[in-house]
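Protein chains in written order, with the numbering used here: chain H, 650 to 868; chain F, 650 to 868.
Quick reminder that beta carbons are idealized off the backbone N, C-alpha and C, glycines included.
Since the structure comes first, as structure tokens, the remarks are kept for the end.
Protein chains: 2
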Amino acid sequence: MSADAASGTAPRIGPARPRSRRARGAAGARRPVYDVASLLAVAVAEFNTRGYDATSMEDLSRAAGITKSSFYHHVSGKEELLRAALERSLDGLFAILDERHATSGRPVDRLRYIVRRQVEVLQAELPYVTLLLRVRGNTETERWALERRRSFDAAIAELVREAAGAGQVRADVDPAVAAKLLSGTVNSIVEWYRPGRPGADALPEDVVRTVFEGVLARD
Amino acid sequence: MSADAASGTAPRIGPARPRSRRARGAAGARRPVYDVASLLAVAVAEFNTRGYDATSMEDLSRAAGITKSSFYHHVSGKEELLRAALERSLDGLFAILDERHATSGRPVDRLRYIVRRQVEVLQAELPYVTLLLRVRGNTETERWALERRRSFDAAIAELVREAAGAGQVRADVDPAVAAKLLSGTVNSIVEWYRPGRPGADALPEDVVRTVFEGVLARD
DNA sequence: GTCTATATTTGGATAGAC
DNA sequence: GTCTATCCAAATATAGAC
């Protein structure tokens with residue numbers, strides 16, 4: 650899966666990079682060394698390091714080990730890459746809302762499930778989610794992504810409101826504020842989580858416990 | 650205070666902007682229409698809207714209602730503005746750590762105090778703190794700011810570790826993880842908080858309660 | 001598919017008149 | 001203090017050879 654290449658360990662390879670020219674299947678099918686997906690992984694890693702706006706096509710092509718012109722042979726420009734990356738990330742997040750445990754049960758239990766899954770998706774799709782969370786809204790693509798994000802957050806907020814109405818969430822904090830703090834906590838993980846660290850498997854549950862029960866020791 | 654001008658309501662005024670040519674004090678002192686502080690407020694608002702890298706000097710001068718050349722008469726370039734903004738933000742945050750209630754008492758109580766104050770500083774210095782939290786590390790100035798931020802976060806993490814050692818913070822979550830979630834929650838507020846909203850005064854305590862006791866209703 | 005060369009635009013920054 | 005004019009570098013993107 651290309652998520653691997655999009656991580657910190659992007660294949661930074663010089664111009665003389667060795668490679669198998671092509672891979673032939675049983676039917677003689679040819680697979681190009683670079684498809685859009687693999688260039689996307691390289692590009693997203695660069696975007697996350699420098700920021701989307703500060704990353705030039707020159708930076709991207711250098712990171713891929715080819716010239717700018719060659720890079721343009723594969724993609725129409727920066728924005729196509731951005732759109733593909735944001736789409737992947739948003740699709741992953743929205744899919745959670747359709748899962749079984751997200752659609753039935755007590756509001757607070759559905760909320761707990763969604764938070765756990767959101768952390769899992771964030772871990773699995775880290776570079777793509779990271780990029781999504783840094784979008785500012787300068788282009789049409791970015792505004793489209795912001796709109797979908799708002800819609801996702803609104804679904805969470807509605808669930809918090811329901812849970813509060815059912816007395817399952819504390820009543821002394823505005824549910825809208827609680828929802829924003831909850832989403833903010835989960836999203837902030839992209840700023841420090843790196844895959845392969847010890848404790849990565851425990852993170853989703855750690856986050857659920859911390860968010861729902863707080864950091865204080867029980868007395 | 651210029652924090653006001655740096656908010657969403659920046660003085661977007663056209664070329665024919667009316668203004669008093671100068672203000673004379675009792676001693677006949679002259680005050681320029683634009684000093685560095687007021688241009689900084691305008692610039693930071695632009696940086697936060699479009700992102701620092703996506704904001705050109707042309708954008709900044711247009712927002713200030715003067716030409717690029719005139720803008721350069723006041724400041725040496727984008728980076729000077731960035732540095733001044735980040736400095737202001739970092740100074741505000743670090744000052745918290747020297748306050749009385751941050752230096753004495755039980756670790757958990759110091760922590761609670763710092764979180765509350767951090768939210769208050771974030772509210773008071775919103776545009777500046779927002780900019781700080783979005784810095785990527787492309788220039789020397791940005792790396793300097795990231796370094797100071799890391800140092801601030803490390804102070805919080807150490808306090809969480811102490812509180813955990815004293816049994817005041819839950820033991821089933823790694824204190825380092827808890828500290829990152831705590832900082833992430835507070836920092837995420839810049840993404841949605843806007844001054845002058847109802848409930849702004851209650852926010853610091855709402856955040857403290859939510860972070861320390863969780864979102865669940867007490868049974 | 002990849003390259004070199006180049007067209008075109010934008011951005012940072014300065015010179016010098018008023 | 002502000003302006004117009006301009007320089008230079010960098011960025012997006014394309015043309016066309018191999």
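Member of K829(F), D868(F), S837(F), T698(F) whose CA lies at the smallest distance from the CA of A828(H): Mapped onto the first sequence, residue 828(H) falls at position 179. Per the Cα distances, S837(F).
E807(H) versus G741(F): straight-line alpha-carbon distance, rounded: For the purposes of this step, residue 807(H) is taken as residue 158 along the first sequence, with counting starting at 1. For the purposes of this step, residue 741(F) is taken as residue 92 along the second sequence, with counting starting at 1. For E807(H) and G741(F), the distance between alpha carbons rounds to 35 Å.
Residues bridged to L865(F) (per DSSP): For the purposes of this step, residue 865(F) is taken as residue 216 along the second sequence, with counting starting at 1. Beta-bridge pairing links L865(F) to V818(H).
Beta carbon of R761(H) nearer than 8 Å to that of V835(H): Numbered from 1 along the first sequence, position 112 holds the residue referred to as residue 761(H). Numbered from 1 along the first sequence, position 186 holds the residue referred to as residue 835(H). Not closer than 8 Å, so no.
Closest by C-alpha distance to A812(F), when choosing among E796(F), P844(F), V826(F), R759(F): The residue labelled residue 812(F) in the question sits at position 163 within the second sequence. If we check each option's Cα against that of A812(F), R759(F) comes out closest.
Through-space distance from Q767(F) to A851(F), alpha-carbon basis: Taking the first residue of the second sequence as position 1, residue 851(F) is located at position 202. Taking the first residue of the second sequence as position 1, residue 767(F) is located at position 118. The straight-line gap from Cα to Cα measures roughly 14 Å.
Contiguous alpha helix (DSSP H) assignments of at least 4 residues, all confined to the segment 700 to 761 of chain H: 706 to 713, 717 to 723, 727 to 746, 749 to 752
C-beta neighbour in chain H for F861(F), strict 8 Å: Translated into positions along the second sequence, residue 861(F) becomes position 212. Yes, because at least one Cβ of chain H sits closer than 8 Å to the Cβ of F861(F).
Chain H residues whose Cβ lies nearer than 9 Å to that of I763(F): Counting from one through the second sequence, the residue named residue 763(F) turns up at place 114. The contacting residues do not exist; I763(F) stays about 13 Å from chain H at best.
Buried/exposed call for Y777(H), threshold 16 Cβ in 10 Å: In the first sequence, the residue the question calls residue 777(H) occupies position 128. Buried: at least 16 other Cβ atoms inside 10 Å.
Buried versus exposed, by CB contacts within 10 Å (16 or more), E707(F): Along the second sequence, read from residue 1 onward, the residue named residue 707(F) stands at position 58. So E707(F) ends up on the exposed side.
Among P844(F), A773(F), I763(F), the one whose alpha carbon lies nearest that of S832(F): Numbered from its first residue, the second sequence carries residue 832(F) at position 183. Cα-wise, what sits closest to S832(F) is I763(F).
Unbroken alpha helix (DSSP H) run spanning P844(H), endpoints: The sequence position of residue 844(H) within the first sequence is 195, counting from 1. Element bounds for P844(H): n/a, residue is neither H nor E.
Assigned exposure category for D868(F) - 16 Cβ within 10 Å defines buried: Stepping through the second sequence from its first residue, residue 868(F) is reached at position 219. Exposed.
Test: E796(H) CB closer than 8 Å to a CB of chain F: Locating residue 796(H) in the first sequence gives position 147, where the first residue counts as 1. So, not an interface residue.
Nonlocal neighbours in the same chain, by C-beta distance under 8 Å from A804(H), ignoring five residues either side: Reading the first sequence from its first residue, position 155 is the one you call residue 804(H). Around A804(H): L746.
For V839(H) and R846(H), the rounded distance between their alpha carbons: Residue numbering aside, residue 846(H) sits at position 197 when the first sequence is read from its first letter. Residue numbering aside, residue 839(H) sits at position 190 when the first sequence is read from its first letter. C-alpha separation (whole angstroms): 14 Å.
C-beta atoms of L782(H) and F696(H) nearer than 8 Å: By 1-based counting over the first sequence, the position of residue 782(H) is 133. By 1-based counting over the first sequence, the position of residue 696(H) is 47. No, the Cβ-Cβ distance between L782(H) and F696(H) is not below 8 Å.
Helix, strand or coil at A672(F) according to DSSP, with G and I counted as helix: To locate residue 672(F), count along the second sequence from 1; it is residue 23. Low confidence applies here, because A672(F) scores a pLDDT of 36, under 50, leaving its location unreliable; read the following figure in that light. Note: A672(F) maps to strand in three-state DSSP.
Assigned exposure category for A675(F) - 16 Cβ within 10 Å defines buried: On the second sequence, residue 675(F) is found 26 positions in, with the first residue counted as 1. In this prediction, A675(F) has a pLDDT of 35, which is less than 50 and means its spatial position is unreliable; nothing more can be read from the coordinates.
Residue environment, D855(H), which counts as buried when at least 16 other CB atoms sit within 10 Å: Against the first sequence, residue 855(H) aligns to sequence position 206. So D855(H) counts as buried.
Same chain, Cβ closer than 7 Å to E791(F), neighbours up to 5 away in sequence not counted: Here residue 791(F) refers to the residue found at position 142 when the second sequence is read from its first residue. Once the five neighbours on either side are set aside, the close Cβ partners of E791(F) are V784, R785.
Start and end residues, alpha helix (DSSP H) containing G784(H): The residue you call residue 784(H) lines up with position 135 of the first sequence. Here the sequence assigns Val to residue 784(H), which means Gly is not the residue at that position. Unbroken run through V784(H): none, as it is neither H nor E.
Within chain F, partners of S837(H) - CB distance below 8 Å: What you label residue 837(H) is simply residue 188 of the first sequence in a count that begins at 1. Near S837(H) (Cβ distances below 8 Å), the residues of chain F are K829, L830, S832, G833, T834, N836, S837.
Assigned secondary structure, I833(H) (DSSP; H/G/I helix, E/B strand, else coil): Taking the first sequence and counting its residues from 1, one reaches residue 833(H) at position 184. Per the sequence presented here, residue 833(H) reads as Gly, with Ile not at that position. Of the three classes helix, strand and coil, the one that applies to G833(H) here is helix, per DSSP.
Reference W841(F); option with closest CA among L830(H), H723(H), W841(H), A733(H): Numbered from its first residue, the second sequence carries residue 841(F) at position 192. If we check each option's Cα against that of W841(F), L830(H) comes out closest.
Rounded C-alpha distance that separates V818(H) from L865(F): Along the first sequence, read from residue 1 onward, the residue named residue 818(H) stands at position 169. Along the second sequence, read from residue 1 onward, the residue named residue 865(F) stands at position 216. The alpha-carbon atoms of V818(H) and L865(F) are separated by roughly 4 Å.
Beta carbon of A734(H) nearer than 8 Å to that of D702(F): Start at 1 with the first residue of the first sequence, and residue 734(H) comes out as number 85. Start at 1 with the first residue of the second sequence, and residue 702(F) comes out as number 53. No, the Cβ-Cβ distance between A734(H) and D702(F) is not below 8 Å.
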